[in-house]
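Numbering (the working numbering), first residue to last: 1416 to 1660. Where is the CB? At the ideal position from N, CA and C, for every residue including glycine. Note that this is a predicted model, so its numbers are computed, not measured.
As structure tokens, then:
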């Protein structure tokens, strides 16, 4: 039960008051796990100097999520279960808005350019199909290992549909973008596509393919610690990231 989790966290359940029980579908993204019940407790730290909020969620009576947030008052929208009307967007939300704006701009441009390239016979249809298939497979594989699977047909079906829609969207997005912009890149910067085209045709042992893969892997190895470092600092700079799945 929750008493054991509070005990493991060094807290006493009796010193906390339950604020709300969240079951609205609008708050499905609150906990990073599939759940049918959500709870919030408010109390103080064992030292008595910090306000503590405990967020928890369960599925069929089994705990699936437990989080302690010191000095982190719960948003009014969670306490009342209604969307905010005057809340200012956080920096994380602003960055996401910029990201999705860029995605939509590229998608609109690709949707306008791709039909023209197809009519003129300039598009690499096989390459676009292979790229889309790779993106679809990679996203589905990522979803398979990252999703919070549940032993319930309806819940798992919802997760599968969500994963398929997400993967299909990005597969179509990158495939359409490739159809739209690849002819122009091939025309003005053909050398950029040499190893790429050889990779798409299955020439994995080609020296240029190996060279570019090695360069990409090296850059990734050097940038990975930087990204991890930024991940640690990002909550302090931008505020905590709220789960969106």
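Residue 1604 places its beta carbon 8 Å or farther from that of residue 1582. The beta carbon of residue 1433 is closer than 6 Å to those of 1456 in its chain, skipping five residues each way along the sequence. The three-state reading of DSSP puts residue 1581 in helix, counting H, G and I together. Residue environment for residue 1552: exposed (fewer than 16 other C-beta atoms within 10 angstroms of its C-beta). With respect to the 8 Å criterion, residue 1484 and residue 1453 are not classified as neighbours on the basis of their beta carbons.
The three-state secondary structure of residue 1561, taken from DSSP, is helix.
No residue range can be given for residue 1537, since it is assigned to no beta strand (DSSP E) and is classified by DSSP as neither H nor E. At the C-beta level, residue 1478 and residue 1420 come within 8 Å of one another. Around the beta carbon of residue 1597, 16 or more other beta carbons sit within 10 angstroms, so the residue counts as buried. The alpha-carbon of residue 1580 is positioned some 44 Å away from that of residue 1429. Residue 1477 has 1474 as its beta-bridge partners, per DSSP. Under the 10 Å beta carbon count, residue 1526 is surrounded by fewer than 16 other beta carbons and is classified as exposed. Look at the beta carbons and you see the region 1625-1639 not touching the region 1567-1581: under three pairs across the two are nearer than 8 Å. In this structure, DSSP gives residue 1569 a helical state, which the three-state scheme calls helix. A Cβ-Cβ distance of about 11 Å is found for the pair residue 1546 and residue 1588, leaving them out of contact under the 8 Å criterion. When DSSP states are grouped into helix, strand and coil, residue 1484 belongs to the strand group. Around residue 1482, the same chain offers 1470 as residues with beta carbons nearer than 6 Å, after the five sequence neighbours per side are excluded.
1539 is the residue among 1599, 1539, 1607 whose C-alpha sits nearest the C-alpha of residue 1616. Pairing residue 1595 with residue 1550 gives a Cβ-Cβ distance that is not under 8 Å. Taking the CA atoms as reference points, residue 1561 sits about 34 Å from residue 1465.
Rounded to whole angstroms, residue 1516 and residue 1623 show a C-alpha spacing of 35 Å. The Cβ neighbour count for residue 1542, taken over all protein chains shown within 10 Å, is at least 16; the residue is labelled buried. When C-alpha distances from residue 1476 are compared across 1449, 1467, 1468, 1459, the shortest belongs to 1449.
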